[in-house]
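> Numbering (the working numbering), first residue to last: 673 to 816.
Note that beta-carbon positions come from the ideal geometry of N, C-alpha and C, so glycine has one too.
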Amino acid sequence: MSKLLERFVARQLIDYLSFADLLPSLQSGFRPGHSTETAVLSVLSDILQAVDRGDSAALILLDLSAAFDTVDHEVLLKRLQMSFGSDNTAYRWFQSYLSGRHQHVRCWSLTIQPVCGVPQGSVLGPILFVLYTVDLISLIKIMV
Numbered sequence: 673m674s675k676l677l678e679r680f681v682a683r684q685l686i687d688y689l690s691f692a693d694l695l696p697s698l699q700s701g702f703r704p705g706h707s708t709e710t711a712v713l714s715v716l717s718d719i720l721q722a723v724d725r726g727d728s729a730a731l732i733l734l735d736l737s738a739a740f741d742t743v744d745h746e747v748l749l750k751r752l753q754m755s756f757g758s759d760n761t762a763y764r765w766f767q768s769y770l771s772g773r774h775q776h777v778r779c780w781s782l783t784i785q786p787v788c789g790v791p792q793g794s795v796l797g798p799i800l801f802v803l804y805t806v807d808l809i810s811l812i813k814i815m816v
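#1: Let me make sure I understand the geometry here. Which of Arg679, Leu736, Ile686 and Ser714 has the alpha-carbon closest to that of Leu803?
#2: Closer than 8 Å is the cut-off here; do at least three beta carbon pairs connect the segment 731-741 with the segment 699-714?
#3: Could you check the C-alpha separation between Leu782 and Val723 for me, to the nearest Å?
#4: Under three-state DSSP, which class holds Ile732?
#5: Can you find at least 3 beta carbon pairs, one from the segment 786-804 and one from the segment 735-754, that sit closer than 8 Å?
#6: Comparing C-alpha positions only, which one of Ile809, Ile784, Ser697 and Ala682 sits nearest to Pro798?
#7: Run through the DSSP bridge pairs and tell me what Val687 is partnered with.
#8: If I measure Cβ to Cβ from Glu678 and keep anything under 7 Å in the same chain, skipping five residues before and after, which residues do I get?
#9: Does the segment 743-752 come into contact with the segment 765-774, if we say contact requires no fewer than three beta-carbon pairs (one atom in each stretch) closer than 8 Å?
#10: Can you tell me whether Ser674 is buried or exposed? The criterion is at least 16 other CB atoms within 10 Å of its CB, across all chains shown.
#11: Return the Cβ separation of Ser707 and Ser697 in integer angstroms, given the expectation that the two are a contact with Cβ distance under 8 Å.
#12: Name the two residues that bound the continuous alpha helix (DSSP H) containing Phe766.
#13: Please classify Phe691 as buried or exposed, where buried requires at least 16 neighbouring CB atoms within 10 angstroms.
#14: Measuring CB to CB, does Leu800 end up less than 8 Å from Phe756?
Now the structure itself:
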């Protein structure tokens, strides 16, 4: 039942983000007509065009180890509110979705309540990670 609810929320969220044009134009995941292939072709095209113009071209790849575990709940919730216009009802739903979870460390018999990370294997996890990191594109554009 929870996966079904997540799929419904994910569809609503993606529809809203697409309609309001809130996803970065370079974002390929979770968008109709976009894929890994279109992302690679776009990067390759940009590099080839730069080389054809006689410009220098560089490709910097960023590998975030355990990236989904680094999502700070408070920062994500604030970003959903400030950058993506989630209202109080949506804010409270996402707050509830992220909180009250427990992790158990088997070898230590320790149970903790994480303050970071999106649920592993969830439908919403990858989408929430994209929304969490959306400002990286702006920072990269400033640096270039």
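Inspection of the coordinates gives the following:
#1: Ile686
#2: no
#3: In this model, Leu782 and Val723 are separated by some 55 Å (Cα to Cα).
#4: coil
#5: yes
#6: The residue from Ile809, Ile784, Ser697 and Ala682 with its alpha-carbon nearest to that of Pro798 is Ala682.
#7: One point to set straight first is that residue 687 is Asp, not Val, in the sequence displayed. Looking at the DSSP assignment, Asp687 forms no beta bridge with any residue, so it has no partner.
#8: The residues are Ser794, Val795 and Leu796.
#9: With the cut-off at 8 Å, the segment 743-752 and the segment 765-774 touch.
#10: exposed
#11: That pair is no contact at about 15 Å.
#12: It spans Asn760 to Leu770 - the alpha helix (DSSP H) in which Phe766 sits, taken as one unbroken run.
#13: By the beta-carbon neighbour count (other beta carbons within 10 angstroms, threshold 16), Phe691 is exposed.
#14: no
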